[in-house]
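K.L.:
With the UniProt record's numbering, the residue at position 22 of the sequence shown is 22, and numbering never jumps.
From the three backbone atoms N, C-alpha and C, an ideal C-beta is built for every residue, glycine too.
Shown below is the structure under consideration.
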Amino acid sequence: MYRSIIHFGITSRLPDLYSQKDMIIKVKNFGISTGKQDSQSVCGFVFNSTERTNGSFTSPNYPGLYPRDTECHYFFYGNASQKVYITFAYFDVEGVTPCTTETASDYVEFSNYRTVDRKLSRHCGLKQPKTVESEGDFFRVTFKTNDRFDGTGFEAFYQFRSQEDPFHVKVMRASSASMATESLVLTVLSMALIVISFVIKSYSYNK
């Protein structure tokens, strides 16, 4: 029986898998098969709505154990009128709420910016986060692990959705209401003319 170790180098995106007999297997892109690698990050992947409006992404080496001491970023870029929605299908990230350094936790973190977004909490453990919605057309998911424990990570789905302009929706509704009112007025006037015509004809006949 062989015991294997996956090593993700800092300068290389091709981690090495070592066994007791020094067998080496190269794993491309941290074992992540979706998104394009970000040239500014050691472990960074870019998802652009101009290429795909939906898809999936995973933690490194999923569904196997993720590597320790690793930080990966997933960047989502939509059009100006789009938002990003993230839904998790599987979640196993070692840690204890609130998933901080003090609790020696690995974690998944969300941000509407390239920096930390303190409005959004971290997630760890076995409970899947609820569907996450971005504030605008950019969203970042960060997966960070320490040197203590590991898990099998996560699998998530993303979707870019177009958002209607609230002002435009309001105007359209107002226009629809106006059209309905005009239609009702025309119907009432038509019925009134019919009644008047009938009364005039009846009066003439009686004379």
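In chain order, which continuous runs of the beta strand (DSSP E) of length 3 or greater are located wholly inside the stretch 110-147?
P.N.:
138-144
K.L.:
Tell me the DSSP secondary structure of Glu102 in three-state form.
P.N.:
helix
K.L.:
Helix, strand or coil, according to DSSP, for Ile196 in the structure here?
P.N.:
helix
K.L.:
Give the DSSP-derived three-state secondary structure of Thr183 in the structure shown.
P.N.:
First, the residue type needs correcting, since residue 183 is Ser and not Thr in the sequence shown. Helix, per DSSP.
K.L.:
Is the stretch 42-52 touching the stretch 71-83, taking contact as three or more C-beta pairs under 8 Å?
P.N.:
yes
K.L.:
Expressed to the nearest angstrom, what Euclidean distance is found between the alpha-carbon atoms of Gln82 and Ala89?
P.N.:
23 Å
K.L.:
So, with DSSP's three-state summary, where would you put Lys36?
P.N.:
Correct three-state label for Lys36: strand.
K.L.:
So for Ser41, helix, strand or coil by DSSP?
P.N.:
Coil, per DSSP.
K.L.:
Please determine if the stretch 123-130 and the stretch 184-197 are in contact, where contact requires at least 3 C-beta pairs separated by less than 8 Å.
P.N.:
no
K.L.:
Can you name the start and end residues of the beta strand (DSSP E) that Phe75 belongs to?
P.N.:
Glu71 to Tyr77
K.L.:
In three-state DSSP terms, what is Val188?
P.N.:
helix
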